[in-house]
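Numbering (our numbering), first residue to last: 1391 to 1526.
Even for Gly, the Cβ is constructed at its ideal location relative to N, Cα and C.
Predicted model only: the values in this text are computed from it and were never measured.
Here is the structure we will look at.
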Ligand SMILES: [Zn+2]
């Protein structure tokens, strides 16, 4: 069937922190897959024993939502690979709604800014081509 689920994904599942489609996919798979049930049991066992992954801890306490400027830098592609991985995990695997909303917001703002820049350039080009370039 589909790709095997990773332990961090199963932990997010246990925290009900996955997007609804992923939650449903795991539930489906659990019905038919002994291997996945065993894997989930192991993950649950570790949690009960007090071994928490970093991911589990921040999901429960929302400790490590990246800042808005980190998210902006992520969109501009100027973070290190580690930082990108972290944010990708945070948003795509754990499905943090707060950060997903921030990213949507930021990329809309970025698009608007890009458009403005393009129309600004067009205007300048037009002005210079008809000889009305303001003197500076
Ligand atoms: Zn977040």
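Query raised in the report: alpha helix (DSSP H) containing residue 1423: first to last residue?
Result: If you look at residue 1423, you'll find it isn't in any alpha helix (DSSP H); DSSP assigns it neither H nor E.
**Report entry** Sequence-distant residues of the same chain with beta carbon closer than 8 Å to residue 1464, five excluded per side
**Finding:** Cβ neighbours of residue 1464 within its own chain (closer than 8 Å, five residues either side excluded): 1456, 1473, 1474, 1477, 1493.
Report task. Ignore the nearest five residues each way along the sequence and tell me which others in residue 1403's own chain have a CB closer than 7 Å to its CB. Result -> Counting only Cβ-Cβ distances below 7 Å, and skipping sequence neighbours, we find 1413, 1416.
Query raised in the report: From residue 1502 to residue 1512, what does the alpha carbon distance come to, in whole angstroms?
Result: CA-to-CA, the gap between residue 1502 and residue 1512 works out to about 15 Å.
Query raised in the report: Where do the N-terminal and C-terminal ends of the alpha helix (DSSP H) with residue 1474 fall, by residue?
Result: From DSSP, the alpha helix (DSSP H) with residue 1474 extends over 1471 to 1478.
Query raised in the report: Which residues mark the beginning and the end of the alpha helix (DSSP H) in which residue 1467 is found?
Result: Residue 1467 -> no alpha helix (DSSP H), and no H or E assigned at all.
Query raised in the report: For ligand 1, any of its heavy atoms closer than 6 Å to the Cβ of residue 1483?
Result: For ligand 1, not one heavy atom lies less than 6 Å from the Cβ of residue 1483.
Report task. Apply the 10 Å Cβ neighbour rule to residue 1396 and answer buried if 16 or more other Cβ atoms are within range, or exposed otherwise. Result -> Its Cβ having fewer than 16 others within 10 Å, residue 1396 is exposed.
Query raised in the report: How many whole angstroms separate the CB atoms of residue 1409 and residue 1462, which I take to be in contact at a CB cut-off of 8 Å?
Result: Their Cβ separation, rounded to whole angstroms, is 23 Å, which puts residue 1409 and residue 1462 out of contact at 8 Å.
Query raised in the report: Secondary structure at residue 1428, three-state DSSP: helix, strand or coil?
Result: Note: residue 1428 maps to helix in three-state DSSP.
Report task. Measuring from each Cβ to the nearest heavy atom of ligand 1, keep the ones under 5 Å and list them in chain order. Result -> Counting only beta-carbon distances shorter than 5 Å to the non-hydrogen atoms of ligand 1, the qualifying residues in chain order are 1455, 1486, 1488, 1489.
Query raised in the report: Under 7 Å between the Cβ atoms of residue 1430 and residue 1419?
Result: Not in contact: residue 1430 and residue 1419 (Cβ atoms no closer than 7 Å).
Requested in this report: Could you give the DSSP three-state label for residue 1455: helix, strand or coil?
Outcome: DSSP places residue 1455 outside both helix and strand once states are collapsed to three, so it counts as coil.
Query - Length of the line joining the Cα atoms of residue 1434 and residue 1424 - result: Taken atom to atom, the span from the alpha-carbon of residue 1434 to that of residue 1424 is near 15 Å.
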